[in-house]
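By our numbering, the letter at position 190 of the sequence shown is numbered 192, and the numbering carries on one by one without gaps.
Single-structure report; data block below.
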Amino acid sequence: MIDLLPILMSATTTMQLRMKNWFAAYPAGMPWTIVSDYCLGDEGKKNDVFSFVVIANHDKTENISEYISGVAPRDIKNIRQVPLGLMQYLTSPQPVTFSVSFVINRDSALLRDYLRVEDMASFIPDACELVRALRTNSPASSSVNPGYFDEVLRRLGIFEKDLGRKQMNEKLSRQIHLASGFAATLFYLVTNATGAGYLRWISDRDKLIEHNDTIVYDLAYLYFILMSSSRTGLIRNDQGNLILDLPKTLFELPEKTGQHRFDALIRLPDYLAGTLADIGPDMSYSKEKFREMLLGVFVDSPNNWLVHLTSNGERISARSVQYRS
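Below, the structure written as structure tokens:
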């Protein structure tokens, strides 16, 4: 998985510049929200999709949620016609959102030939070593629970054992690694494009989020650290450690039952993921609502981007994509 990070960074270089220009009016140090949803494993769809929407702090979360609930009270699978208000929010000329969706053709089976079980498992010891180094080098702080690093090591250990079991859920494990890598890419993009002071990731409630006590959050942050450490021009402290100066990153823990309290916000990536899962390489679609989203949100859009990933078993490639009229 770690080999995928430089590929994602390279594929999103132009996207980072576009995001920087798009959000240029916002000062450094601002809080940013990233919401995500997924369309995975649907045999009736053409693609597996991980969609992320960056929301600027242009209003209170309660007010944004109220607006989306009013214009789009249902998910895309439960509507016949796409609500105009939702499309207007995703394409507003005022810089309030920027979306990035990672699209993998269903035939690639979530990059199964490239991201094998042994590849996923091989990262865990290195991840544990990184966590131990962070524990040693992190100064005492009232904002960091001293037991946090031990909790991360415990979760990584459980995940490593899961990967070694004969009856392990290979597909779910692959989803976890991909989701964490894609989320880390968004953290990296937003941090470098906006000078973010705070990041908040809100995901739809999903097995890949809940598995092993939300191990996906630990992996995402570790991947974010690795990506940030690769930047040029970083300064080292007196002990020789890199000074990263990363934003404070918060992870929303979804309720296990009942309605997700950020259900309205998650509706944004829900519409994106549902549409891109349906669109074929020949621009075919199964229902009119997906054509509405394609033309109304993605075509000629400066702030709604795709990253298309493919693998031939030996190497993986990723490229940023925009639909043009």
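Glycine included, each C-beta is placed from N, C-alpha and C at the ideal position.
Using a C-beta cut-off of 8 Å, the region 43–53 makes no contact with the region 212–230, since fewer than three inter-stretch Cβ pairs fall below that distance. Excluding sequence positions up to five before and after P85, its CB lies within less than 6 Å of the CB of V73 and A74, all in the same chain and listed in chain order.
Where D77 is concerned, there is no enclosing beta strand (DSSP E), because DSSP gives it neither an H nor an E. Shortest Cα-Cα distance from N59 to any of C41, E172, N80 and V37 involves V37. Of the residues D115, F100 and V98, the one whose Cα lies closest to the Cα of I106 is D115. Under DSSP, the beta-bridge partners assigned to K250 are Y200. Taken through DSSP and simplified to helix, strand or coil, P33 comes out as strand. No residue range can be given for S303, since it is assigned to no beta strand (DSSP E) and is classified by DSSP as neither H nor E.
Residue state for Y40 is assigned as strand, using DSSP reduced to three classes. In this structure, the beta-carbon distance from M122 to L180 does not fall below 7 Å. Put simply, the region 89–101 touches the region 295–315. At least three CB pairs are less than 8 Å apart. Excluding five sequence positions before and after K209, the CB atoms of its chain that fall closer than 7 Å to its own CB belong to L174, given in chain order. If you draw a straight line from the Cα of P8 to the Cα of M229, it comes to about 8 Å. As DSSP reads the structure, D50 sits in a beta bridge with I106. Following the DSSP letters along the chain, one finds A26 in no alpha helix (DSSP H), marked with neither H nor E.
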